[in-house]
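Numbering (my numbering), first residue to last: 2 to 161.
In this text, a Cβ means the ideal position worked out from N, Cα and C, and glycines have one as well.
Worksheet: the structure to be examined is printed underneath.
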């Protein structure tokens with residue numbers, strides 16, 4: 002015998018298995034979305050509420066997009082600052098490396114010829130001494146300018 006899906010036997014078998022009997026699709030529609038029993042006033046109110054919910058949802062989405070954009074911009078600024086810092090560090094490391102290489106190269110050249118190395122060292126020391134003397138002279142001149150009063154001011158004060 003053919004088994005009919007709508008027969009009472011199948012319904013009892015489905016109930017025994019724990020399945021609920023099938024329902025018509027229109028029976029599954031929620032009470033809120035159905036406007037069948039509503040008055041025109043209730044339908045209008047329901048429409049207004051739906052529009053309000055939609056407007057609030059759109060506003061929330063707009064706020065969320067704005068927050069995400071602000072966060073993205075902030076992250077971009079932080080990343081650029083980090084990148085600049087890293088570039089500076091890399092440049093500094095390269096500069097130090099070049100200075101070390103130059104120093105190593107000079108030391109190798111110096112170690113080949115001790116007389117030349119001594120002459121270079123002596124020249125370097127003389128330059129340093131000249132610079133120190135110039136700095137001392139500048140300091141003394143500045144101190145003298147502050148401590149010695151001007152002669153024209155002294156003459157005027159004496160005459161009075």
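Taking just the CA atoms, how far does residue j sit from residue i?
i: residue 43; j: residue 55; result: 18 Å
i: residue 67; j: residue 95; result: 42 Å
i: residue 109; j: residue 122; result: 14 Å
i: residue 131; j: residue 87; result: 38 Å
i: residue 134; j: residue 119; result: 22 Å
i: residue 97; j: residue 71; result: 39 Å
i: residue 62; j: residue 102; result: 58 Å
i: residue 125; j: residue 73; result: 54 Å
i: residue 76; j: residue 64; result: 18 Å
i: residue 92; j: residue 100; result: 12 Å
i: residue 105; j: residue 89; result: 24 Å
i: residue 81; j: residue 45; result: 54 Å
i: residue 85; j: residue 79; result: 10 Å
i: residue 107; j: residue 69; result: 56 Å
i: residue 51; j: residue 60; result: 14 Å
i: residue 145; j: residue 138; result: 10 Å
i: residue 115; j: residue 129; result: 21 Å
Rounded to whole angstroms, how far is the Cβ of residue i from the Cβ of residue j, which I believe are closer than 8 Å?
i: residue 47; j: residue 39; result: 7 Å
Below 8 Å CB to CB, which residues in the same chain sit around residue i once its five sequence neighbours on both sides are set aside?
i: residue 143; result: none
Short of 7 Å in beta carbon distance, which residues of its chain neighbour residue i, apart from the five on each side in sequence? Order them along the chain.
i: residue 49; result: none
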